[in-house]
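First up is the structure itself, then whatever we jot down about it.
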Amino acid sequence: AWWWITVAAVVALLIALLASWVVTRLITRPIKAMTSATPAFAAGDRQARVGVHGPGELGELARAFDSMADTVARSERDRRNLTADVAHELRTPLAALQAGLEELRDGLVEPTPQGLAGLHDQSLRLGAWARKDN
Numbered sequence: 002a003w004w005w006i007t008v009a010a011v012v013a014l015l016i017a018l019l020a021s022w023v024v025t026r027l028i029t030r031p032i033k034a035m036t037s038a039t040p041a042f043a044a045g046d047r048q049a050r051v052g053v054h055g056p057g058e059l060g061e062l063a064r065a066f067d068s069m070a071d072t073v074a075r076s077e078r079d080r081r082n083l084t085a086d087v088a089h090e091l092r093t094p095l096a097a098l099q100a101g102l103e104e105l106r107d108g109l110v111e112p113t114p115q116g117l118a119g120l121h122d123q124s125l126r127l128g129a130w131a132r133k134d135n
C-alpha cells in the first residue's frame, strides 16, 4: 500500500512541477521579451517588438508596447519625410534668390525694378514656407 502511495505522490509531484514550469514559462516569456525589446527600442532600434501576445495583463502590455513602437516609428518616418519635403521646397526659391543676389553683387547685372521684384517674390515664397503650418 505504501508503495502505491509513494508512486502516486511522486507522479503528483512531477505533474505539479510540469504545471508550474508551464505557468512560469507563460509568465516569464512576455516579461523577457519586453525586457529585451524595451532597451533595444530606446537605443534606436525602431524594429524592436515584443511579439508575444498571450492572454491577460502581460499580453495586453505586450500589445500596447508593440502598438506604441509602431506609432513612434511611423511618427519618425513622417517627420523625416516632412523634413525632406520642406528642404526640397525651399531649395528652388533659395537658389534663385542667392543667384540673383550674387549677380547683383558681382556687377553682372544692373539692378532693375523687374529684377528686384523677382528677388522679392522669391523671398516672399521663402517667408510663406516659414509660416506654413505643417
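Just add 1 to wherever you are in the sequence shown, counting from 1, and you've got our numbering. All C-beta atoms in this analysis are idealised placements derived from N, C-alpha and C, irrespective of residue type, glycine included.
Problem - Selected residue, minimal CA-CA separation from R47, among S68, T29, K133 - result: S68
Handout entry: Cutoff 6 Å; reference L1; Cβ partners in own chain excluding five residues on either side
Key = Outside the shown range of the chain, which is 2 to 135, sits residue 1, and nothing can be said about it.
Handout entry: Straight-line gap, L59 to R78 (C-alpha atoms, nearest Å)
Key = 29 Å
Handout entry: the ligand FMN heavy atom lying under 7 Å from the CB of K133
Key = In the structure on display, the ligand FMN does not appear, and there are no ligands present to speak of.
Exercise for the section: Flag this pair as yes or no: are the beta carbons of A63 and P31 separated by less than 8 Å? Expected result: yes
Practice task
Taking all protein chains shown into account, decide if V51 is buried (16 or more other Cβ within 10 angstroms of its Cβ) or exposed.
Solution key: buried
Problem - Backbone CA spacing between A129 and G45 [nearest angstrom] - result: 34 Å
Handout entry: Exposed unless 16 or more other CB atoms sit within 10 angstroms - verdict on A13
Key = exposed
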